Amino acid sequence: MNLQENLTCESNYLERFEILRATTAGMFRSLLFRLDALQRYLDLLEDDVEASSAGKVGMRHLNTCRETLANIVSDCQDAEADIPLSDWTEKLNLAAVAEGVIGQYARITGCDEDLKINIPQDIFVKGNAYQLQQLIFDIIDCFDSLHKDSKPAWNINGEIKNFSETDAVSLQMACCPPGEYVLLSLLRPGLGADDLGGFLSLLGAIGKRLPLPYSQMNSLYWQGSLLGQGGDILVPVQALDSGLIILLPLADDQDEQLPAAAPLGGKTILLVDDEDMIWDVITAMLQDLGYNVLLAGNGLEAIETYRSNPGGIDLVLLDMLMPELSGRETFLRLKEINPEVKVLLSSGYASGGDVQDVLNAGAAGFLQKPYRMTELSAKIREILQ
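Numbering (the working numbering), first residue to last: 3 to 387.
In structure tokens form, the structure reads like this:
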């Protein structure tokens, strides 16, 4: 599901809210960037109008307008700071996230992508799994739409790079201080991140009025999403329709680790959820932790899958709100098959009363969406042990 579809999907209120928050944050950052540029122009013009009374009056009005607008943006940012753009970030395996999103994109779009993924398994970033997967998906979908007449092809690479203050200035990285970052390159063949001399931050490209091939809505959303995760975006100045580079903070050794799977061997988890946008990323991360994962898109599929694997499913991760059969009815039907079935409930919308009814009936636990992968993996380990 691309950005525009997410914004118009009535059943996706939480995702719409997060996208609008990220877009608003990108808008604030872009406005501040342009206001700074405006102030520099006003400073240059001030000497030219010094001898003109009318010019002086006009300059005063322009400065007043600029200051008023800057104060409005600042006040809005202060208000938004009370609700952080990313309420949480966590330590994420970048390869697992990227592989999950690519699998998801190929499955949803039916595209036979020519993909070359080169991301070391030991690279961990600090980010928001849900926002990051939507961001990567949206970027690939956007650029593929620019190349409808050619076979899609992507080089997806991950590497660690230390950015100095000089690098930050030359790339016009207004959002990131100098330091170590992970570069996730989403580029067409022929481009690479080896030499960043031909790249510029997205805000820098906007400031230079470069003819960006994607919409302003895309630019603001991408910028805001990365801003909330402590990152930035670099664009290839000479090939603007050929992809971009995402910068993400490098997770250090002190960041929270995901608990590994239980030591008894590979347990099997049945993931039951009609929101297939989350399937591939969660599946890739759980598999990275040592679990086997089966999928079901609704309650009826879940019951059939569970019945077809007697004794082979150790835990069911069940969404409460689904078509065909509700989470509550699905749970009761699973209990008829196996009274000892272990079920972990999850939902972003279900009422507390509905959840409590199922917990009282024997469900093993509940996670509120969106949940952190650390929370999910810890809860799974707790139940399975």
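Backbone N, C-alpha and C fix where the C-beta goes; we use that ideal spot for every residue, glycine too. Note that the coordinates shown come from a computational prediction; the quantities given were computed from them, not determined experimentally.
Return yes when the Cβ of residue j is within less than 7 angstroms of the Cβ of residue i, no when it is not.
i    : j    : result
R374 : E92  : yes
E161 : L252 : no
P372 : Y223 : no
G112 : D282 : no
M423 : S349 : Past the boundaries of the shown model lies residue 423; the chain is included only from 3 to 387, so the question cannot be answered.
L386 : G367 : no
R68  : L34  : no
Q225 : L204 : yes
L148 : Q174 : no
A207 : I158 : no
A241 : A98  : no
L302 : L272 : no
D254 : N95  : no
K381 : D316 : no
A27  : L229 : yes
V357 : R330 : no
P180 : S166 : yes
Kindly indicate which residue of the options has the alpha-carbon position closest to the one of residue i.
i    : options                : result
I248 : L320, E306, L297, L185 : L185
D243 : K381, E48, D143        : D143
I339 : L361, A366, N311, G350 : N311
Y216 : G245, A195, L228       : G245
I305 : M287, F333, L288       : F333
D38  : A24, S54, S76          : S76
R335 : V239, A365, L198       : A365
Q231 : S221, Q240, L250       : L250
A24  : L137, L46, N120, D316  : L137
S227 : L134, D275, I315, V318 : L134
G105 : N164, P122, G355, F139 : F139
L319 : E326, G233, D275, S187 : D275
L198 : A170, L214, P191, S221 : A170
V127 : M29, A363, G314, K163  : K163
V239 : P213, R42, C177        : P213
I119 : A155, Y308, R109, L236 : A155
C177 : N130, I235, D124       : I235
G313 : K344, E326, L327       : K344
N300 : Y308, N65, R31         : Y308
D146 : N130, T168, L189       : L189
N65  : D45, I74, S54          : D45
Per DSSP, residue i is paired with what?
i    : result
A298 : V274
S187 : N159, I247
E92  : G129
Q370 : S349
P312 : Beta-bridge pairing links P312 to no other residue.
D124 : According to DSSP, which records beta bridges pairwise, D124 is partnered with nothing at all.
K118 : N157
L252 : V127
D234 : L249
S32  : Partner(s): none; S32 has no beta bridge.
N164 : E182
F201 : P238
Any alpha helix (DSSP H) of 4 or more consecutive residues that is wholly inside the segment 317 to 358: 329 to 339
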